[in-house]
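If you're matching positions, the sequence shown starts at 595 in the working numbering and goes up one per residue. Note that beta-carbon positions come from the ideal geometry of N, C-alpha and C, so glycine has one too. Report on the following structure.
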Amino acid sequence: MMSPRGFRSPLLGGILGVFVTSSFFPAAMASPPAELEETLCTSLRTSLPAGPDPGFLTSWPEQPDRGAGVSQPDPALRDAGFVYDNALAVIALLGCGDLPSAQRIGAAFLQAQEADRSYRDGRLRNAYRAGLSARPALPPGYWSDKEGRWIEDAYQVGTTSGNMAWVGLAYLHLSAASHDPKWRAAALGLAYWIDDHMRPDNGTKRGYLGGYFGFEPDPARAPWSSTEHNLDIVALSRALMASTPPLPPDDGARLEQIEATAREMVLKMWRPARGAFLTGTTPEGQPSENGGTMLDVQVWPYLALPELGRISGRPATVTDILKALTVTRNGRNGLDFNDDRDGIWAEGTAQAALTLNRLGLTAQATEFMITLSTLVDPATGYLLATDGTTLSTGLSIGIGSSGEIAFTYPPRPHLGATA
């Protein structure tokens, strides 16, 4: 089964299209409503603990007790800062003009790579404890009185290739904002880690594998490849190649190979009859034809691959596929994670708004942004992950015998959606 990026919690999403508002691509997106922009920027700026030290933001902040019906996060999520969400937060904070806060999260990433409790190869885990970071960097966890032991989550302690790429994108934004070469060097290191660890052993052209799941010293390696993750890798490698000053020729040549490997996999996932991209491959490396249509892999290709115009002789547009994912609530239109249309997914609706702006379809993009403005949680100033229902995704967390559980989005304030 495909596994989500960070309890996403993933890219993205935020989105590969963060480069639309950066120096890597021309600015094309209209400003969101000023009130929403200010609300979300203020919430992000004030979420880190006081002081200059490195730290991570919690992905699912607790809400003040407002009586019956207000649940707090599952214990496994209560102190979890997913790296995907925090990478998006770095980029968002830079967009909000807060370089110091963005650098604090970036420094926490660097510290986690340098001081892991077990690994020495520069990988990042999928989540760390929110708040000021420690040495070594610690995964989230909690004490269970029922079981009489400390419990950690097998997904959170693992590593996915898409999450690594997103941290690389955050590093590149820090590099562009601060002109400090250490950030680009760190991004390049993550691209090479993905290339070294996530290529299939059999050498088949199936893109990069999903990542590692489970506990050290011997986590299981995911046998499938994700369209979403490979889009992330396309974005990272292209952004590195476009960065300045130019990289040495050997680095440029290797990045071209990485980009080509990931891009080829993405293009193989296009299905003209459906007018949509598949989510990825089976464990055997074959395109996974089962399952519904997932939103993010329909819109991200137009951001990671801006030259995308025609595939298999058919105009590749997103408007048709968005109709199958549109949900109307209280007179407002938003988008679901998949085509079961059981609720509005805030993060994905924002991803689609960004993509539509990129394609010049600004009226529909503005409509989605107005919908998002109705999903601000008054207690935290964060966007709610959903419009009030627990959202199914059709995805699972886990690898085969490791035990898979359904991946859902609760109707709670969410860092990823806010960023």
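Going by alpha carbons, who is nearest to residue i out of the options?
{"i": "residue 970", "options": "1012, 1004, 937", "result": "1012"}
{"i": "residue 673", "options": "843, 722, 851", "result": "722"}
{"i": "residue 668", "options": "687, 636, 708, 738", "result": "738"}
{"i": "residue 650", "options": "934, 642, 637", "result": "642"}
{"i": "residue 628", "options": "963, 1009, 982", "result": "963"}
{"i": "residue 670", "options": "814, 654, 853", "result": "654"}
{"i": "residue 865", "options": "850, 881, 814", "result": "881"}
{"i": "residue 811", "options": "893, 774, 714, 817", "result": "714"}
{"i": "residue 780", "options": "863, 717, 891", "result": "717"}
{"i": "residue 957", "options": "846, 985, 927", "result": "927"}
{"i": "residue 917", "options": "946, 896, 902", "result": "946"}
{"i": "residue 877", "options": "680, 817, 845", "result": "817"}
{"i": "residue 829", "options": "645, 870, 914, 853", "result": "853"}
Quick one: is residue i buried, meaning 16 or more other Cβ sit within 10 Å of its Cβ, or exposed?
{"i": "residue 603", "result": "Because the pLDDT at residue 603 is just 28, under 50, the model does not fix this residue reliably, and the point stays unresolved."}
{"i": "residue 747", "result": "buried"}
{"i": "residue 1007", "result": "buried"}
{"i": "residue 621", "result": "The predicted model places residue 621 with a pLDDT of 37, which falls under 50 and marks its position as unreliable, so this point remains unresolved."}
{"i": "residue 822", "result": "buried"}
{"i": "residue 974", "result": "buried"}
{"i": "residue 705", "result": "buried"}
{"i": "residue 826", "result": "buried"}
{"i": "residue 744", "result": "exposed"}
{"i": "residue 932", "result": "buried"}
{"i": "residue 884", "result": "exposed"}
{"i": "residue 873", "result": "buried"}
{"i": "residue 1005", "result": "buried"}
{"i": "residue 855", "result": "buried"}
{"i": "residue 895", "result": "buried"}
{"i": "residue 1015", "result": "With the chain covering only 595 through 1013, there is no way to say anything about residue 1015."}
{"i": "residue 624", "result": "Residue confidence for residue 624 is low, a pLDDT of 43 falling below 50, so the modelled location carries little weight and cannot support an answer."}
{"i": "residue 807", "result": "buried"}
{"i": "residue 844", "result": "exposed"}
Find out if the Cβ-Cβ distance for the pair residue i, residue j is shorter than 9 Å.
{"i": "residue 942", "j": "residue 749", "result": "no"}
{"i": "residue 977", "j": "residue 634", "result": "yes"}
{"i": "residue 875", "j": "residue 805", "result": "no"}
{"i": "residue 638", "j": "residue 695", "result": "yes"}
{"i": "residue 647", "j": "residue 727", "result": "yes"}
{"i": "residue 952", "j": "residue 900", "result": "yes"}
{"i": "residue 1002", "j": "residue 987", "result": "yes"}
{"i": "residue 1009", "j": "residue 1000", "result": "no"}
{"i": "residue 848", "j": "residue 898", "result": "no"}
{"i": "residue 982", "j": "residue 923", "result": "yes"}
{"i": "residue 675", "j": "residue 640", "result": "no"}
{"i": "residue 891", "j": "residue 912", "result": "no"}
Could you pull the DSSP bridge partners for residue i from this structure?
{"i": "residue 865", "result": "870"}
{"i": "residue 722", "result": "675"}
{"i": "residue 970", "result": "977"}
{"i": "residue 888", "result": "932"}
{"i": "residue 1006", "result": "Residue 1006 is not bridged to any residue."}
{"i": "residue 788", "result": "Beta-bridge pairing links residue 788 to no other residue."}
{"i": "residue 736", "result": "745"}
{"i": "residue 881", "result": "875"}
{"i": "residue 806", "result": "753, 815"}
{"i": "residue 820", "result": "874"}
{"i": "residue 923", "result": "926"}
Would you please verify whether the beta carbon of residue i is less than 9 Å from any beta carbon of chain C?
{"i": "residue 872", "result": "The structure shown contains no chain C, having only a single protein chain."}
Should residue i be listed as close to the ligand NAD, given that the test is whether its C-beta is under 8 Å from any heavy atom?
{"i": "residue 938", "result": "Because no ligand of any kind appears in the structure shown, any question about the ligand NAD cannot be addressed here."}
(request) Specify whether the region 748 to 759 and the region 778 to 792 touch according to this definition: at least 3 beta carbon pairs, one from each stretch, less than 8 Å apart. (result) yes
(request) Spell out a yes or no on whether the region 960 to 969 and the region 929 to 946 are touching, meaning 3 or more CB-CB pairs, one atom from each, closer than 8 Å. (result) Output reads yes: the region 929 to 946 touches the region 960 to 969.
(request) Report yes or no: do three or more beta-carbon pairs, one from the region 796 to 813 and one from the region 724 to 740, lie closer than 8 Å? (result) Judged by Cβ distances under 8 Å, the region 796 to 813 makes no contact with the region 724 to 740, as fewer than three pairs qualify.
(message) Assess contact between the region 854 to 862 and the region 837 to 845, defined as three or more Cβ pairs (one per stretch) separated by less than 8 Å. Is contact present?
(response) No, they do not touch.
(request) Would you be able to state if there are at least three C-beta pairs under 8 Å between the region 762 to 770 and the region 686 to 703? (result) yes
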